[in-house]
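In full-length UniProt numbering, the protein residues as written are 1 to 211.
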């Protein structure tokens with residue numbers, strides 16, 4: 001925690017459906033839906049866009065889970081350790097979407113991963129065009145398989161499950177897709193029994209580490 005950013009092998013890892021094994025040479029990123037030109041990018045195609053280095057902080061939605069009533073999470077990792085802060089290298093999602101040409105009705109982006117369960121999340125277009133990245137490196141080195149090799153989505157300030165790993169498809173639509181992770185998993189249960197959905201931003205948490 002005292003470092004400016006974490007060494008890659010010290011970064012927290014979480015996987016919903018195992019680690020995808022992907023051949024970089026054969027991996028493709030598809031963009032379809034409400035776009036002028038559906039496109040398929042190779043890794044070489046993606047790297048022709050201007051690349052950026054950005055230090056970002058990721059927090060899993062379950063961080064501090066041991067403090068939840070009825071929690072079954074074990075170990076100090078789940079107290080305040082489901083986080084990382086690293087330097088990502090990649091391209092702005094905005095540039096990729098502009099290449100395809102988003103239609104006027106396009107207000108959401110579906111990000112889909114290549115893991116066994118095809119992790120998918122709906123992202124508002126406003127966020128997608130703001131600070132999101134498609135990253136291919138972490139701290140100056142290629143992403144490890146555990147961190148989404150060869151590419152992952154970076155969604156600064158939002159819960160970690162939005163940072164889809166092993167990214168393989170982006171679909172532009174006019175409404176959220178109501179995927180499993182958006183309807184039954186990553187929701188906020190209220191006292192009246194109802195649940196809030198699409199509450200992506202992580203609240204501030206503070207831990208004193210020194211002196």
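For glycine and all other residues, C-beta sits at the position ideal for the given N, C-alpha and C. Quantities reported herein were computed from a predicted structural model and do not represent experimental measurements.
For residue i, the nearest candidate out of the options (CA to CA)
i           : options            : result
residue 111 : 141, 201, 120, 105 : 120
residue 93  : 174, 156, 17       : 156
residue 53  : 86, 169, 108, 98   : 86
residue 108 : 178, 186, 25       : 178
residue 233 : 24, 168, 158, 49   : The shown model of the chain, from 1 to 211, leaves out residue 233, and the question about it has no answer.
residue 124 : 105, 204, 196, 113 : 105
Element boundaries [alpha helix (DSSP H), containing residue i]
i           : result
residue 151 : Per DSSP, residue 151 belongs to no alpha helix (DSSP H) and is neither H nor E.
CA-to-CA distance, residue j to residue i, given in whole angstroms
i           : j           : result
residue 2   : residue 140 : Per-residue confidence for residue 2 stands at a pLDDT of 48, beneath the threshold of 50, marking its modelled position as unreliable; the derived number appears in the next sentence. Roughly 20 Å between the two C-alpha positions.
residue 19  : residue 129 : 28 Å
residue 163 : residue 37  : 25 Å
residue 175 : residue 126 : 13 Å
residue 184 : residue 145 : 27 Å
residue 200 : residue 46  : 27 Å
residue 22  : residue 191 : 43 Å
residue 34  : residue 210 : 50 Å
residue 135 : residue 43  : 11 Å
residue 39  : residue 132 : 19 Å
residue 25  : residue 173 : 29 Å
residue 171 : residue 100 : 11 Å
Buried or exposed (CB count within 10 angstroms, at least 16 for buried), residue i
i           : result
residue 90  : buried
residue 194 : exposed
residue 180 : exposed
residue 147 : buried
residue 41  : buried
residue 188 : exposed
Start-to-end residues for the beta strand (DSSP E) that takes in residue i
i          : result
residue 58 : 51 to 59
residue 30 : 29 to 33
residue 87 : 83 to 92
residue 39 : 39 to 41
Closer than 6 Å: residue i CB and nearest the ligand ZN heavy atom
i           : result
residue 158 : Of ligands this structure carries none, so the ligand ZN is not represented either.
Entirely enclosed beta strand (DSSP E) segments - the region 108 to 142, minimum 3 residues: Runs found: 108 to 113, 120 to 124, 133 to 138.
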